[in-house]
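Protein chains in written order, with full-length UniProt numbering: chain H, 1 to 322; chain D, 1 to 322. Even glycine gets a Cβ: it sits at the ideal position worked out from N, Cα and C. See below for the structure under consideration.
Encoded structure:
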């Protein structure tokens, strides 16, 4: 049997009882190491499972899938995946390949960031499509996430944004010289993510951004505008009027959530958010009072923070008493 | 400590090792019984956990939350929820209340249908907001799900639709007479769900539905239409051109998935889908070849089924070789 087993979000004990029993039966145990990480090291997993673990890099999974599947029709083989096993296309591919080799397969599900984002207090059912954001460089700022985010925001949905993880990356020089030397792993911090969002927003709407930084008084005849009566494009993403949240180390004892406006969250430092893994959420307009309240427990500035002000004035949500 | 612990999707062994250890420490253990069910009975859970379980009905949770939370600052109390614990608003409410009583809380996540729908082969990240469908009656056919579905379809997203579960429902007569007699539990079958979708579609677009049943040949001068050149409204939901899937008993040994057009799936019987629990998925236009291929394993009519024809002609996805 070829088992694909979800490990959940945090440590060795987040595996299900069913998954734990299966791992202990397996002759070979692979750990997928490139789409996410656990908060504990491989040795701790090996001790707990009583099994040696083979690290499955992207190269191994994509180029040597047959080696992973070898003899899985005769012995039990486990492929461990952080979170739920069927989040990434790679693993579906592996299952299709197993089926084509007449190898029986079994998927053991677990929590993933998609379910655990219930910790924000936002309702899972109100989330639209999930987005990914990669590290920007001076010359490469892929921002197709922006169009997808607008699609969600237009109909009031919340948006989960997964943040870039770089493991086993080579520097351009090492790659050019064919040296298999890898850079230290990098995990995008919410501080970076929110700044990239504000950067893309200002590049896509330069006028809006410059007009919002000018005085908001009605004496607009001084700014030389020749269309004083033109309505501005409705703002979907506004630094000080769009609410957002960060999710760090969800499911671990050091889990931290922060809620506030995009601007407030971009102004926090990397240290404010702490170590990986992180995700962020952009809050949609279809916000429920109970969602505002629960997520407000984590608001920048506490009870006096902009979270509540924007929640009321922009999102139109009145606080309820609990 | 007040623990809210996810049980996962199928049986007693889907709890995580961490959750299992917590349950065994608890003095009182509640099982939330009204938003979902496990495939095993309470007695089996009690034997496995070595703990007596108190069934938590909606009335108990909403009206006597303080009884559930009693002494949880001094002893350990567990509240078990099928799937992931933070899917439903009720449980967020319970956590807020615990915090306001200075009771420490701990959430132990698990798989939910939202993650497990990766079993369809469709990418979780391409799903839009999740919808719910209730049983229609002769006089009551709430169809606000239709507008939400259109929002998802317009931008190509897939849609998970959760199907009605009726537990501890009273008949109108028993309710009127104040008799606490409950009807047997009912779980909506995909067959019913797809028929309700077609019914609502035909009620919302009566013309389109009648014109699509007429000849599709180009001799449209015979149908008396006075606007022969007018383009029909773009079809978002078309019985024979929209792909969908059913998910039954996900995570259990009898798990069954079926994929096909809305019409094909509506024509299957309840027996074809088998026992509960079920969900369905409407496939969005942003369909990837790997998604088509994996989900196609479950196609009505197999390799010769409409799944592939519609996938190619309507969704524009060419098959790849694996």
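Taking the straight line between their C-alpha atoms, what separation do you get for residue i and residue j?
i	j	result
residue 315 of chain D	residue 267 of chain D	22 Å
residue 287 of chain D	residue 70 of chain D	50 Å
residue 281 of chain H	residue 273 of chain H	14 Å
residue 246 of chain D	residue 257 of chain D	5 Å
residue 324 of chain H	residue 193 of chain H	The question about residue 324 of chain H has no answer, for chain H in this structure spans 1 to 322.
residue 99 of chain D	residue 176 of chain H	56 Å
residue 155 of chain D	residue 284 of chain D	8 Å
residue 143 of chain H	residue 53 of chain H	37 Å
residue 214 of chain H	residue 202 of chain H	The pLDDT assigned to residue 214 of chain H is 42, lower than 50, so where the model puts this residue is not dependable; a value taken from the coordinates is nonetheless given after this. If you take the alpha carbons of residue 214 of chain H and residue 202 of chain H, they lie about 14 Å apart.
residue 238 of chain H	residue 312 of chain H	16 Å
residue 174 of chain H	residue 183 of chain H	10 Å
residue 304 of chain H	residue 153 of chain H	26 Å
residue 58 of chain D	residue 169 of chain D	11 Å
residue 122 of chain D	residue 195 of chain H	32 Å
residue 108 of chain H	residue 164 of chain H	26 Å
residue 18 of chain H	residue 116 of chain D	15 Å
residue 64 of chain H	residue 301 of chain H	51 Å
residue 262 of chain D	residue 158 of chain D	14 Å
residue 92 of chain H	residue 66 of chain D	45 Å
residue 138 of chain D	residue 171 of chain D	16 Å
residue 240 of chain D	residue 264 of chain D	8 Å
residue 25 of chain H	residue 32 of chain H	19 Å
residue 167 of chain D	residue 147 of chain H	42 Å
residue 44 of chain D	residue 41 of chain H	35 Å
residue 131 of chain D	residue 145 of chain D	6 Å
Can you name the residues of chain D whose CB is closer than 7 Å to the CB of residue i?
i	result
residue 278 of chain H	The contacting residues do not exist; residue 278 of chain H stays about 17 Å from chain D at best.
residue 151 of chain H	155
residue 119 of chain H	86 and 107
State yes or no: is the beta carbon of residue i nearer than 8 Å to at least one beta carbon in chain H?
i	result
residue 110 of chain D	yes
residue 259 of chain D	no
residue 61 of chain D	no
Please decide whether residue i counts as near chain D, where near means a Cβ-Cβ distance under 8 Å.
i	result
residue 115 of chain H	yes
residue 157 of chain H	yes
residue 221 of chain H	With a pLDDT of 43 at residue 221 of chain H, under the threshold of 50, the predicted position of this residue should be treated as unreliable, though the coordinate-derived value follows. No, because no Cβ of chain D sits closer than 8 Å to the Cβ of residue 221 of chain H.
residue 216 of chain H	Only weak support exists for where residue 216 of chain H lies, its pLDDT of 43 falling under 50; the coordinates are left without a value.
residue 13 of chain H	yes
residue 251 of chain H	yes
residue 79 of chain H	no
In chain H, which residues lie less than 8 Å from residue i when you measure between Cβ atoms?
i	result
residue 164 of chain D	Within 8 Å Cβ-Cβ: nothing; residue 164 of chain D doesn't reach chain H, min ~15 Å.
residue 20 of chain D	17
What does residue i touch in chain H if you count any residue whose Cβ is under 9 Å from its own?
i	result
residue 126 of chain D	129 and 130
residue 6 of chain D	111 and 115
Which chain H residues sit within Cβ distance under 7 Å of residue i?
i	result
residue 93 of chain D	290
Could you tell me which chain D residues have their CB closer than 8 Å to the CB of residue i, listed as they occur along the chain?
i	result
residue 293 of chain H	96
Nearest to residue i by alpha carbon, out of the options?
i	options	result
residue 251 of chain D	H/106, H/62, H/67 and H/269	H/106
residue 6 of chain D	H/31, H/80, H/164 and H/14	H/14
residue 331 of chain D	D/147, D/310, D/279 and D/78	Residue 331 of chain D falls outside the range modelled here, since chain D spans only 1 to 322, and no answer is possible.
residue 150 of chain D	D/297, D/127 and D/166	D/127
residue 382 of chain H	D/27, D/97, D/129 and D/30	The structure shown does not extend to residue 382 of chain H, since chain H is modelled only from 1 through 322, so no value can be given for it.
residue 27 of chain H	H/77, H/264, H/130 and H/11	H/77
residue 248 of chain D	D/198, D/161 and D/200	D/161
residue 103 of chain H	H/200, H/30, H/1 and H/33	H/1
residue 30 of chain H	H/3, H/12, H/244 and H/136	H/3
residue 11 of chain D	D/39, D/306 and D/21	D/39
Residue i touches chain D at which residues, Cβ-Cβ below 9 Å?
i	result
residue 9 of chain H	109
Exercise. Scan the region 32-97 of chain D and note each continuous alpha helix (DSSP H) run of 4 residues or more that stays entirely inside, going in chain order.
Key: 42-49, 58-63 and 65-69
Quiz item: Which runs of the alpha helix (DSSP H) spanning at least 4 residues fall entirely within the region 268-292 of chain H, listed in chain order?
Solution: With a minimum length of 4 residues, the unbroken runs of alpha helix (DSSP H) contained wholly in the region 268-292 of chain H fall at 270-273.
Exercise. Scan the region 113-178 of chain D and note each continuous alpha helix (DSSP H) run of 4 residues or more that stays entirely inside, going in chain order.
Key: 113-116, 144-154 and 172-176
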